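Using UniProt numbering, the first residue of the sequence shown is number 1, and each one after it goes up by one. The C-beta atom is built at its ideal place from N, Cα and C for all residues, glycine as well. All values reported here derive from a predicted model rather than from experimental measurement.
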Amino acid sequence: MAIPFKPAPAPPPILALPASAPAQRSPEPGPPHRSRRRSPIMATTPAEDPEPGLPPPKALCEQPRRRRPCVLLSFSAARDRFLRGRFLSAGLRPFSVRLPSPAGTSTVVHLWAPPRPARRPVLLLHGFGASATWQWAPYLRSLLAAGLDPIVPDLLFFGASSSTVPDRSDTFQARTVKAAMDGMGVRRFAVERVVLVSSGVCLEEGDLAAGLFPVADVGEAAELLVPRRPAEVRRLVKLTFVRPPPIMPSCFLKDYINVMGSDHLEEKAELLHALINDRKLSDLPKINQASWGEF
């Protein structure tokens, strides 16, 4: 009576040997065994050799490689983390203030402020297209050295601030900032000076027709200030920088759009339309006509 015999599995291979002892492979009795080359995506537990004539287990079969992403490092995300680190190193901490509305707490204002402000506060507001960290990080040390406590909010639909209220007017933006300051314990304001640089908020439709702004209408202005493609970012940089970079690779521009310019696109465009269209409607001529009637 023949008893089937199965050879014992080979001992595990030696992973490393001293330099003085070169690796020598001695022949072993029995049928030869195939070398076990493991890949990172194969099973990590040792498996027995398959029976003669049987296909190998599926776990040992070579699996298709996954395609690696083209961009392994996001420079825009790294820059954003660096700027947030400057805020943290300056002693500021992030806060979120939820504002009540008829629809509930649907408006959230994100801001940076000292955890226990004890000195004179100063309110810093960023411009269109920026955020609190990207615009004001270089000035924190100077303000702190002057004995001031910076309070830096993100305007609605920029940074981490958002709202479901359909109001897009600058008045609503001002009310939300005032309510957020009330939540931080700041009740009074003293405007000492006003500095206007590239005051696009004063733009009117007649200025577009006169060629004072490099766009033809509000829709083109929204495409310029809310870029969604690398070509639009290049145009914006060339119009806003005195010495724009001579080379702007598309991969870096796409990375910036994905990190900094992919949120609240429709809301930002609505802000621009409301900023100009509301002023246009408010400047309608008022006709005074005498009327007569009997009561």
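Distance between residue j and residue i (C-alpha atoms, nearest Å)
i	j	result
F82	V218	34 Å
P166	E270	10 Å
L265	A222	10 Å
S162	P153	12 Å
L155	H273	17 Å
V237	M260	15 Å
P150	P249	36 Å
F189	D182	11 Å
A145	V177	25 Å
A77	I257	11 Å
G159	S106	16 Å
A135	A231	For the sequence presented, residue 135 should be read as Gln rather than Ala. Distance between the alpha carbons of Q135 and A231 is about 23 Å.
R141	V108	27 Å
L73	D80	13 Å
E192	S131	23 Å
P227	P100	32 Å
P244	R229	18 Å
V194	H126	14 Å
D170	E220	20 Å
L239	P117	39 Å
L124	Y139	10 Å
A137	L143	11 Å
Beta-carbon proximity of residue i to residue j, cut-off 8 Å
i	j	result
L111	F87	no
F128	F252	no
L148	R187	no
F157	E267	yes
A180	V122	no
A113	M184	yes
T133	R93	no
L224	R235	yes
Outcome for residue i when other beta-carbon atoms lying within 10 angstroms are tallied against a minimum of 16
i	result
D255	buried
T164	exposed
I247	exposed
A174	exposed
P55	The pLDDT assigned to P55 is 47, lower than 50, so where the model puts this residue is not dependable; a value taken from the coordinates is nonetheless given after this. Per the 10 Å Cβ criterion, exposed.
R168	buried
P115	exposed
V242	exposed
L275	buried
S262	exposed
P7	Low local confidence applies: a pLDDT of 48 at P7 is under 50, so the model's placement there is unreliable, with the coordinate-based value given in what follows. So P7 ends up on the exposed side.
Residue range of the beta strand (DSSP E) that includes residue i
i	result
T133	It is not in any beta strand (DSSP E) - T133 instead sits in the alpha helix (DSSP H) that spans 132 to 136.
S96	93 to 99
V152	148 to 153
V122	120 to 123
Enclosing alpha helix (DSSP H) for residue i [first to last residue]
i	result
T240	230 to 240
L253	250 to 260
R168	Where R168 is concerned, there is no enclosing alpha helix (DSSP H), given that its DSSP letter is neither H nor E.
V109	Unbroken run through V109 is the beta strand (DSSP E), 107 to 113; no alpha helix (DSSP H).
E223	218 to 225
S74	Note, S74: premise wrong, no alpha helix (DSSP H); not H, not E.
S142	140 to 145
Residue i Cβ short of 7 Å to the ligand SAM heavy atom set
i	result
S74	This structure lacks the ligand SAM, and indeed carries no ligand of any kind.
Minimum Cβ-Cβ distance from residue i to chain D less than 8 Å
i	result
Y139	The chain inventory of the structure shown lacks chain D, comprising one protein chain alone.
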